[in-house]
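Colleague: If you read the sequences in order, they're chains Z and H.
In this text, residue positions in the first sequence follow our numbering: the first is 1, and each later residue adds one.
In this text, residue positions in the second sequence follow our numbering: the first is 1001, and each later residue adds one.
Note that the Cβ used here is the ideal one computed from N, Cα and C, for glycine as well.
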Amino acid sequence: MSPIDVARAVRWTRLPGPLPIDHGSVDSAQWRAICAQCRAEGGRLAALWGSDERAAGQGFLVHAIVASAQRRFWITLGAGDADPRFPGLGDLFPVASRLERALFDLLGVSSGAPDTRPWLRHEAWGPADFPLRRDFARADPMAPGAPPYPFVAVRGAGVHEIGVGPIHAGIIEPGHFRFSVVGDEILRLEERFGYTHKGAAKRFEAMGLVDGARLAGRLCADSSAAYAGAYAMAVEALSGCTVPPRALWLRALAWERERIANHLGDLGALCQDGGLAFGHTQFGLLKERWLQTHDRLFGHRYLMDAVIPGGVAYDLDAAACRSLDAECASILETTRRLQDIVDDHAGLQERFLETGRIDEARVRALGGLGLAARASGIACDLRVNTPLPPYDRLQTRIAVRPQGDVAARVGVRFDEIYESLRLIREVLAQLPGGPVRVPCDGHGGLFGVGIVEGWRGEVLVAITRSPSAAAHHVHIHDPSWQNWPLLEHAVLGDLVPDFPLINKSFNLAYSGHDL
Amino acid sequence: MTLDLVVRQALQTLFVIAAAPLLTGWIRQCRAWLGNRTGAGILQPVRELRKLFRKEPVVASEASALFVATPYILFAAMVLAGAIVPMVATRMPLAAAADAVALAGLFALTRVFAALAAMDLGTAFASMGARRTMLVGFLAEPALLMVLFTPALISGSTSLIVIVRHLAGHGFVLYPSMAFAAAAYLMVTLAENARLPVDNPETHLELTMIHEALNLEYSGRYLALIEWGAGMKLLVYIGIGVALFLPWGITQSHGLAALPGAFALFAVKLAAAGAGLAVIETLLAKLRLFRVPEFLGTAFLLAVLGLLVRYLLGS
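#1: Give a yes or no on whether 9 angstroms exceeds the smallest Cβ distance from residue 1102 of chain H to chain Z.
#2: Which of the residues in the region 1279–1308 of chain H, read from start to end, lie with their CB under 9 angstroms from any CB of chain Z?
#3: Hey, out of H:1256, H:1184, H:1013, H:1165, whose CA is closest to residue 1078 of chain H's CA?
#4: CB residue 189 of chain Z to CB residue 491 of chain Z, shorter than 9 angstroms?
#5: What is the DSSP secondary structure of residue 1 of chain Z, counted as helix, strand or coil?
#6: Is residue 24 of chain Z helix, strand or coil by DSSP?
#7: Using 8 angstroms as the threshold, is the region 1212–1220 of chain H in touch with the region 1115–1128 of chain H, meaning 3 or more CB pairs across them?
#8: Quick one: residues in its chain with C-beta nearer than 7 angstroms to the C-beta of residue 1020 of chain H, no 5 flanking neighbours on either side, listed in chain order?
#9: According to DSSP, what are the bridge partners of residue 180 of chain Z?
#10: Thinking residue 1310 of chain H and residue 1154 of chain H are a contact (beta carbons under 8 angstroms), I'd like their distance in whole angstroms, please.
#11: Looking only at its own chain, which residues have a Cβ that is under 7 angstroms from the Cβ of residue 1299 of chain H, when we skip the five neighbours before and after it?
#12: Hey, how far is the Cα of residue 498 of chain Z from the Cα of residue 1289 of chain H?
#13: Along chain Z, which residues have their Cβ under 7 angstroms away from the Cβ of residue 1208 of chain H?
#14: Which partner residues of residue 110 of chain Z appear in the DSSP bridge assignment?
#15: For residue 1004 of chain H, collect the residues of the same chain with a Cβ closer than 8 angstroms to its Cβ; drop the 5 residues on either side in sequence, then sort them by chain order.
#16: Examine the Cβ distances between the region 261–278 of chain Z and the region 432–448 of chain Z and report whether three or more of them are shorter than 8 angstroms.
#17: Fully enclosed by the region 1205–1234 of chain H, which alpha helix (DSSP H) runs are 4 residues long or longer?
#18: Here's the rule: buried if 16 or more other CB atoms are within 10 angstroms of the residue's CB, otherwise exposed. What is residue 1 of chain Z?
#19: Taking contact to mean at least 3 C-beta pairs separated by less than 8 angstroms, is the region 357–373 of chain Z in contact with the region 22–36 of chain Z?
#20: Near residue 272 of chain Z, which residues of its chain fall below 8 angstroms by C-beta distance, leaving aside the five closest residues on each side in sequence?
#21: Does any residue of chain H have a CB that is nearer than 9 angstroms to the CB of residue 337 of chain Z?
#22: Within 9 angstroms (strictly less), CB to CB, does residue 1342 of chain H reach chain Z?
#23: By the DSSP assignment, the alpha helix (DSSP H) with residue 505 of chain Z in it spans what residues?
#24: Can you confirm whether the region 1082–1089 of chain H touches the region 1258–1270 of chain H when touching is taken to mean that 3 or more C-beta pairs between the two stretches lie within less than 8 angstroms?
#25: Spell out a yes or no on whether the region 338–354 of chain Z and the region 1281–1296 of chain H are touching, meaning 3 or more CB-CB pairs, one atom from each, closer than 8 angstroms.
#26: Answer yes or no: does any C-beta atom of chain Z fall closer than 9 angstroms to that of residue 1204 of chain H?
#27: Step through the CB atoms of chain H and report whether any lies within less than 9 angstroms of the CB of residue 351 of chain Z.
#28: To which residues of the same chain is residue 241 of chain Z closer than 7 angstroms at the C-beta, ignoring the five residues directly before and after it?
#29: Please list, in chain order, the chain Z residues whose beta carbon lies closer than 8 angstroms to that of residue 1230 of chain H.
#30: May I have the straight-line CA-CA distance separating residue 374 of chain Z from residue 399 of chain Z, to the nearest angstrom?
#31: Ordered along the chain, which non-local residues of its own chain (more than five positions away) have a Cβ less than 6 angstroms from that of residue 1064 of chain H?
#32: Quick one: what's residue 1089 of chain H bridged to in DSSP?
#33: Going along chain Z, which residues have a C-beta under 7 angstroms from residue 1124 of chain H?
#34: Output, in chain order, the set of chain Z residues within a Cβ distance shorter than 7 angstroms of residue 1035 of chain H.
#35: Show which residues of chain Z have a CB atom less than 8 angstroms away from the CB atom of residue 1200 of chain H.
#36: Using a Cβ-Cβ distance cut-off of 9 angstroms, determine whether residue 1 of chain Z contacts chain H.
This is the structure in structure tokens:
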């Protein structure tokens, strides 16, 4: 039987909600076949996680969401009870390797992949403790003297290693980067994360579905609106409630404003890493004013608790709309002038151009997405490819640059700022009337997914509910899972002192990744 | 008369020690103003030094005596350099030691100690900083020597005192060769003092650091001495530049009457140089590390051009 026939044998259920996604329970042959077919069609693995449904007699379940150009499939595989395992996907999707390691650390479900090093588990819990199992009470931290984490070693004349982090010279987020270098040239980079693992998935279990929105919006503060939005979409899909149009448009406003705030901050930080303090100050000023507007009109500088299941928590009157529109006009002019300065600054461009290059083929092979993929010439943007309301009426113009270097990622940020400013003014002009929220209690179906094109890429939230027990499981997937491996490849052949600049040009999430 | 000499010497040395943190603060303040920021004021480095001196220094258990001794050596070497360079007066007891080549050697000595101390602990960043410091140093030193040879050719001596007397004593004469040398000297000064575009003194990114990486393992009073010494080094470099290219106002008289004026004039020159540095640093981005050899190669080339212009054309 060909893979296509195998996939046809699955009984697909279209999940409720605006997002076109089908769910199907599969056996292990179908599991592999569907993924292989998706890979062959140029699709990618969007998320991979597991849940403990032993109380409902289903054992452990492993879930994957695969996405091709137009369609998304959510497949669920029973992994057994006593010695849970499932066929790994690392050979089809490179990103699966880390997801499977994380899955084992949290749930104890093995993919049989050769790389059995822990990913999220450091010394906070032992190798035989699995926090996401429902019967897990608490684990004591491992005794000091845990076995060292074996990094892949590079050998050769003059090769040595530099380990950076998780504690850095500046106040930045914790991650460990192990460089193998000759002199100042990078031969290999290996990342290690998990230092900001907070046990969010476990915490969600003890919260009500609606209350969980507050937590979701706090897991990755720079993407608060996107996280809370994706979470709200998942809850709404689960409970089958329909969000009023005005709330949808106001959500898009929050997402676009969040995108601009982050792009402004990143552009400033990129100038600073290039040594141009002037740019850092100017972009920092623009971002700060932007955040103060958030605080004034949306109730929080980082838009926390602005998006809630069933709608949004804020509303804008005509005066607020006018002031937002005027702010867009002024920031557009200032940003254009700053872009002229950045583009004309020979020293800065010399740092940006050709630095940290990753080409389209490599990004496709690794399954990269979002801003980083667009800067390598891949036209992937949920707002364009699968425009959910209100983006179906906004005709978002995608920002794509083919070069794949730091300069391209800077360029995409500038283009997206202009496009988001246009979208905001469009939203303000077309904002429909009516209520901004409806009650949404989270009762209803068993599977709910929400996806939002956050500023880094697609933020995905999937919620499963046990058919018998009143228990649910929330899985949040940050696009940084896909894009952190891109960084490992982008720095190859570059200089160690250029790494901070390259890293900043991606600016991937630590907190959203580790959860 | 002997007392005169000692007073002059003591005053200049104390001035260098006291003014170094203020110069650092002044440059930072100028950079802040140029970047539309308020800035922390020129006294901020003084506050930082006071904070560091009060803190308990933490030294790795594997550190050797060299590691602990190096901050004192660096500080003492810079005090010595500050004493022998004629900044306000030429008649000083140590002035006879103010040989340009010997000074270059003194700077090289401090660099060797700094690099050895950094490698003493064997940590990745300090070793990386040591490596990069030696890279910059070994390219900057020949350029610095070439710069010094042009005024030496003009005045017929490598003694800074003789150079100052010769250049200042002939009124205002334009030497085209000195213009080349001055441009090269500016580039060397930027590189040797870890300023943009070679190094970013305000970076917090350990992977990009050159000078800062050397000091990552130091804390408390050791770090304070190193920071203070680095400030003095910049001041001394500006002092040498003033002696070579703007020697007017350096008093050559015997009495002490001219001293206040000479100090005031030197302070103005320092402030102007600091402001100029701030402008340069605001306009420039940091170079890629492997562009630094090109940068210093250009400095060397300019210095050689100055020398050739002087030697072949006599101008």
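Modeller: Reading it off the structure:
#1: no
#2: 1281, 1282, 1283, 1284, 1285, 1286, 1287, 1288, 1289, 1290, 1291
#3: H:1013
#4: yes
#5: At residue 1 of chain Z, the pLDDT of 45 sits below 50, so the modelled position is not reliable; the number obtained from the coordinates is stated separately. Residue 1 of chain Z falls in the coil class under three-state DSSP.
#6: strand
#7: yes
#8: Residues of the same chain with a CB within less than 7 angstroms of the CB of residue 1020 of chain H, apart from the 5 flanking positions on each side, are 1228, 1231, 1232, 1235 in chain order.
#9: Z:161, Z:188
#10: 6 angstroms
#11: 1143, 1184, 1187, 1188
#12: 8 angstroms
#13: 497, 500
#14: Z:85
#15: 1091, 1254, 1255, 1256
#16: no
#17: 1211–1214
#18: Low confidence applies to residue 1 of chain Z: its pLDDT is 45, below 50, so where it sits in the model is not reliable, and the reading given next is rough at best. Residue 1 of chain Z should be labelled exposed.
#19: no
#20: 279, 280
#21: no
#22: The displayed coordinates of chain H run from 1001 to 1315. Any statement about residue 1342 of chain H would go beyond what the structure contains.
#23: 499–506
#24: yes
#25: yes
#26: yes
#27: yes
#28: 310, 438, 440
#29: Chain Z residues near residue 1230 of chain H: none, gap ~17 angstroms exceeds 8 angstroms.
#30: 7 angstroms
#31: 1120
#32: H:1251
#33: 162, 163
#34: 277, 278, 281
#35: 275
#36: Here the model assigns residue 1 of chain Z a pLDDT of 45, short of 50, so the residue's position is not dependable and the matter cannot be decided.
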